[in-house]
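Heads up: the protein sequence lines correspond to chains L and V, in order.
Counting in the UniProt record's numbering, the first sequence runs from 1 upward without gaps.
Counting in the UniProt record's numbering, the second sequence runs from 1 upward without gaps.
Every residue gets a Cβ at the ideal spot worked out from N, C-alpha and C, and that includes glycine.
Since this is a predicted model, take the numbers as computed values, not measurements.
Heads up, the thing below is written out as structure tokens.
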Amino acid sequence: MAKALTPAIYGRLRDKITPNNWTLDQCIQTGVDNPGHPFIKTVGCVADDEESYEVFSELFDPIIKDRHNGYDPTTMTHPTDLDASKITNGVFDDKYVLSSRVRTGRSIRGLSLPPAGSRAERREVERVVVMALAGLKGDLAGRYYGLQDLTDKEQQQLIDDHFLFDKPVSPLLTCAFMARDWPDARGIWHNNEKTFLIWVNEEDHTRVISMEKGGNMKRVFERFCRGLKQVEQLIQERGWEFMWNERLGYILTCPSNLGTGLRAGVHVRLPNLSKDTRFSKILDNLRLQKRGTGGVDTAATGDTFDISNNDRLGKSEVELVQMLVDGVNYLIECEKKMEKGQDIKIPSPVTQFRK
Amino acid sequence: MPFGNTHNNFKLNYKVEDEFPDLSKHNNHMAKVLTKELYGKIRDRQTPSGYTLDDVIQTGVDNPGHPFIMTVGCVAGDEESYEVFKDLLDPIISDRHGGYKPTDKHVTDLNFENLKGGDDLDPAYVLSSRVRTGRSIKGFTLPPHNSRGERRGIEKLSVEALTSLDGEFKGKYYPLKSMTDAEQDQLINDHFLFDKPVSPLLTCAGMARDWPDGRGIMHNDNKTFLVWVNEEDHLRVISMQQGGNMREVFKRFCVGLQKIEEIFKKHGHGFMWNEHLGYILTCPSNLGTGLRGGVHVKLPKLSVHAKFDEILGRLRLQKRGTGGVDTASVGGVFDISNADRLGSSEVAQVQLVVDGVKLMVEMEKKLEKGEAIDSMIPAQK
Chain L
1 MAKALTPAIY GRLRDKITPN NWTLDQCIQT GVDNPGHPFI KTVGCVADDE
51 ESYEVFSELF DPIIKDRHNG YDPTTMTHPT DLDASKITNG VFDDKYVLSS
101 RVRTGRSIRG LSLPPAGSRA ERREVERVVV MALAGLKGDL AGRYYGLQDL
151 TDKEQQQLID DHFLFDKPVS PLLTCAFMAR DWPDARGIWH NNEKTFLIWV
201 NEEDHTRVIS MEKGGNMKRV FERFCRGLKQ VEQLIQERGW EFMWNERLGY
251 ILTCPSNLGT GLRAGVHVRL PNLSKDTRFS KILDNLRLQK RGTGGVDTAA
301 TGDTFDISNN DRLGKSEVEL VQMLVDGVNY LIECEKKMEK GQDIKIPSPV
351 TQFRK
Chain V
1 MPFGNTHNNF KLNYKVEDEF PDLSKHNNHM AKVLTKELYG KIRDRQTPSG
51 YTLDDVIQTG VDNPGHPFIM TVGCVAGDEE SYEVFKDLLD PIISDRHGGY
101 KPTDKHVTDL NFENLKGGDD LDPAYVLSSR VRTGRSIKGF TLPPHNSRGE
151 RRGIEKLSVE ALTSLDGEFK GKYYPLKSMT DAEQDQLIND HFLFDKPVSP
201 LLTCAGMARD WPDGRGIMHN DNKTFLVWVN EEDHLRVISM QQGGNMREVF
251 KRFCVGLQKI EEIFKKHGHG FMWNEHLGYI LTCPSNLGTG LRGGVHVKLP
301 KLSVHAKFDE ILGRLRLQKR GTGGVDTASV GGVFDISNAD RLGSSEVAQV
351 QLVVDGVKLM VEMEKKLEKG EAIDSMIPAQ K
């Protein structure tokens with residue numbers, strides 16, 4: 001935001017409002033309050049509603065282009081592909097990959113986003129989503145736990161399952177007003193098998209997560225796609241839909257999550273590779289990022305890393321998951337080579353999205 | 001907050017019960033007073049600068065309760081908030097300020113000559129003395145609501161006023177955003193530096209926005225007079241020194257305030273004040289005098305006496321830890337200050353501190369000698 005916002009742009013946008021009456025200062029407050037982050041280059045602005053991306057496009061478009069590696073929202077279109085059958089080599093060696101996970105977010109069209117929504121809007125999101133989820137069946141059947149009504153026992157169970165999300169403490173989120181009225185209308189839904197999980201009203205209207213122990217990313221992604229499609233159908237039956245357009249893909253609160261909003265990742269042990277000075281360059285060329293196993297604001301401990309795709313916008317879900325799969329397979333190959341005392345190569349960079 | 005208030009009208013499309021916050025787990029003054037009916041009655045109002053009911057109560061919704069003190073749970077965004085939302089704020093003010101009625105008048109007395117004694121508190125027990133208050137500048141909105149432009153305007157006016165002071169008040173202004181490391185270390189060592197608020201009571205009310213823009217500290221060369229600019233209020237004015245001469249501290253306080261007010265008035269921006277609520281500040285708990293006069297005092301024996309809290313209550317005093325409002329005491333040293341703000345004057349409140357602390361030090365001395373203090377316990381003031 002600080003790179004893109006000039007006094008001239010501020011002057012042109014500061015008297016504009018979205019149809020829901022949100023303003024520029026509200027979008028940028030988090031970036032003003034948080035000058036910089038030690039681990040990652042933060043975006044520094046959020047959308048308050050779907051229309052923020054249009055009304056304030058003079059600010060958002062250059063930020064999107066900068067953040068998404070040159071994707072130009074004024075000229076390019078974003079592909080959506082949720083056909084999991086296309087994934088190849090998507091089962092990893094369990095000796096290295098401890099768990100596999102895919103997440104995205106979805107926003108309910110017509111309601112303001114978490115930085116801005118009032119209590120009534122937030123409760124409406126909860127109502128719409130919970131009603132839809134109640135219609136899931138088979139391996140996806142499950143139940144909803146509203147944060148404000150959790151019993152101690154349920155809370156402990158959700159913590160033990162690593163499902164419970166807490167009130168945001170990161171100032172990146174609190175300065176964007178996403179923690180208001182906590183825990184009102186926030187909750188967690190998960191299926192009985194504990195492999196499909198939805199967060200309601202955290203940083204986005206919904207975060208959809210498919211996960212399991214071990215390295216079967218293909219099955220994780222298959223469940224992910226199936227679940228998403230069913231939820232979409234269920235809300236459409238009631239006259240609602242997800243925020244989406246062909247310029248920006250799925251619309252989410254943070255511009256960094258536009259497009260697919262997809263982060264597919266594994267917790268993987270790489271004791272030898274992680275100590276090699278070429279590790280970062282290898283990840284860069286594979287278009288992967290590393291995080292600590294505690295999530296976005298944490299550092300790695302020990303030899304286990306959270307490795308996931310860098311990109312969100314300009315490539316489809318299938319393309320991104322395949323890149324993650326190919327990348328992680330490569331990292332494991334490197335690790336195996338190093339175990340045997342063999343040398344490894346830095347791979348050539350994966351190509352950018354098609355123009 | 002300065003983000004455009006027209007969304008308030010948009011919220012009116014939703015039913016009252018859909019917008020009314022869930023206060024079932026809450027324990028603060030706002031939650032005690034705000035019913036669904038009251039919410040429904042005043043939710044369509046806004047002040048001339050666009051401050052709304054939801055703005056007023058957000059901090060109380062986000063902070064259900066505090067372990068040490070009963071929090072207020074709401075803030076004012078501008079001078080008019082206390083009028084426009086009086087249906088909510090009057091009962092809260094009454095509850096917080098000992099039954100103060102909407103028709104009551106508040107007396108202001110900053111004539112330090114009216115204080116009796118106060119120059120003889122035993123420095124073996126009273127380690128330091130301090131008086132603080134806040135002032136809001138008319139014509140600007142308050143810290144929960146003001147924009148960067150307003151905050152900078154307040155800073156500019158304040159710097160002009162403060163750097164024109166002379167005599168014992170002559171000093172320098174340090175803007176937070178351009179402080180050198182050396183200056184910062186010095187201000188920390190002097191116990192002057194205020195930091196970005198971390199208390200959610202303040203951050204949820206939007207008071208830390210744009211930090212550290214427009215914030216700063218002025219202090220005199222003697223380091224006995226200090227002004228914070230744009231923290232929780234437009235100005236916080238502090239007079240302090242080591243030892244127990246509260247009289248001298250209060251004199252400096254009154255004289256300094258008068259000089260500052262003169263300069264602001266010359267620029268057409270006097271302090272916010274009215275005869276019902278006295279000085280207008282961000283938090284309803286600071287209305288009236290906004291004055292907290294207190295000492296750091298060693299009371300290791302008295303503080304563990306069964307009647308300590310009762311004594312404090314009767315003397316109209318409150319205890320805090322030496323780290324300030326959200327802390328606990330360390331090593332038997334307490335921060336003892338006046339509990340009241342509204343309905344009595346500055347002189348009267350400092351008098352209570354002076355008399356009360358003098359009595360408690362005598363009690364401490366008696367307890368040291370193994371004597372009982374029951375006969376010294378005062379009647380309710």
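Counterpart residues of residue i in DSSP-defined beta bridges
i, result
"VAL255/V", "Answer is none; VAL255/V lacks a bridge partner."
"THR133/V", "VAL237/V"
"LYS290/L", "ILE307/L"
"VAL229/V", "GLY216/V, LEU235/V"
"GLY139/V", "Paired residues: none, contrary to the question."
"ARG148/V", "In the DSSP output, where bridge partners are listed per residue, ARG148/V has none listed."
"HIS296/V", "SER128/V, ASP335/V"
Proximal residues to residue i (C-beta, below 7 Å), its chain only, five neighbours per side dropped
i, result
"PHE308/V", "LEU302"
"THR277/L", "none"
"PHE279/L", "LEU273"
Nearest neighbour of residue i, chosen from the options [CA to CA]
i, options, result
"ASN9/V", "HIS305/V, HIS219/V, GLY50/V, ILE238/V", "GLY50/V"
"VAL297/V", "PRO123/V, HIS7/V, MET1/V, VAL107/V", "PRO123/V"
"ARG132/V", "VAL357/V, MET207/V, ALA372/V, VAL347/V", "VAL347/V"
"LEU98/L", "GLY215/L, CYS225/L, LEU133/L, GLY227/L", "GLY215/L"
"ASP94/L", "PHE279/L, VAL268/L, PRO347/L", "VAL268/L"
"ASN285/L", "SER85/L, GLN236/L, MET323/L", "MET323/L"
"LEU288/L", "LEU252/L, GLN157/L, ASN309/L", "ASN309/L"
"ILE332/L", "SER274/L, HIS162/L, SER348/L", "SER274/L"
"GLY331/V", "TYR125/V, GLN318/V, PHE253/V", "TYR125/V"
"GLU339/L", "GLU246/L, THR75/L, PRO271/L", "PRO271/L"
"LEU234/L", "ILE40/L, LYS137/L, ASP343/L, ILE251/L", "LYS137/L"
"ASN230/V", "GLY268/V, CYS254/V, THR180/V, THR282/V", "THR282/V"
"ILE17/L", "VAL55/L, GLN29/L, SER85/L", "VAL55/L"
"residue 356/L", "GLY70/L, SER100/L, GLY187/L, LEU248/L", "In the structure as shown, chain L begins at 1 and stops at 355. Residue 356/L is therefore absent and cannot be evaluated."
Cut-off 8 Å between Cβ atoms - residues of its own chain near residue i, not counting five sequence neighbours on either side
i, result
"GLU183/V", "TYR174"
"ASP104/V", "HIS276, GLY343"
"ASN89/L", "VAL325, ASP326, ASN329"
"GLU310/V", "ILE377"
"ASP109/V", "SER345, GLU346, VAL347, ALA348"
"ASP83/L", "CYS225, VAL318"
"SER107/L", "GLU50, LEU113, ASP204, HIS205, THR206, PHE242, MET243, TYR250, ILE251, LEU252, THR253"
CB contact check: residue i to chain L, cutoff 7 Å
i, result
"HIS7/V", "yes"
"LYS11/V", "yes"
"ASP195/V", "no"
"VAL16/V", "no"
"ASP22/V", "yes"
"GLU19/V", "yes"
"ASP340/V", "no"
"VAL159/V", "no"
Closer than 7 Å to chain V by CB, residue i
i, result
"ALA264/L", "no"
"VAL32/L", "yes"
"LYS355/L", "Residue confidence for LYS355/L is low, a pLDDT of 43 falling below 50, so the modelled location carries little weight; the figure read from the coordinates is stated next. Judged by the 7 Å Cβ criterion, LYS355/L is not in contact with chain V."
"SER118/L", "yes"
"ASN21/L", "yes"
"ASP181/L", "yes"
"ASP166/L", "no"
"ASP184/L", "yes"
"ALA4/L", "no"
Contact set for residue i: own chain, Cβ-Cβ below 6 Å, skip 5 residues either direction
i, result
"PRO79/L", "SER316"
"GLY256/V", "PHE169, PHE225"
"LEU164/L", "LEU158"
"LYS355/L", "In this predicted model, LYS355/L has a pLDDT of only 43, less than 50, meaning its place in the structure is not dependable enough to derive any value."
"GLN26/L", "ASP48"
"ARG43/V", "LEU53"
*Which runs of the alpha helix (DSSP H) spanning at least 4 residues fall entirely within the UniProt domain "Phosphagen kinase N-terminal" (1-69) of chain L, listed in chain order?*
Listed in chain order, the complete alpha helix (DSSP H) runs (minimum 4 residues) inside the UniProt domain "Phosphagen kinase N-terminal" (1-69) of chain L are 7-13, 24-33, 52-55, 57-67.
*What beta strand (DSSP E) runs, 3 residues minimum, are completely inside the stretch 145-214 of chain L?*
Counting only runs of 3 or more, we get 187-191, 196-200, 206-213.
*Scan the stretch 227-294 of chain L and note each continuous alpha helix (DSSP H) run of 4 residues or more that stays entirely inside, going in chain order.*
Taken in chain order, the complete alpha helix (DSSP H) segments of 4 residues or longer contained in the stretch 227-294 of chain L are 279-285.
*Considering only residues of the stretch 59-93 of chain V, which uninterrupted alpha helix (DSSP H) runs meet the minimum length of 4 residues and lie entirely inside it, listed in chain order?*
The DSSP assignment places complete alpha helix (DSSP H) segments of no fewer than 4 residues inside the stretch 59-93 of chain V at 81-84, in order along the chain.
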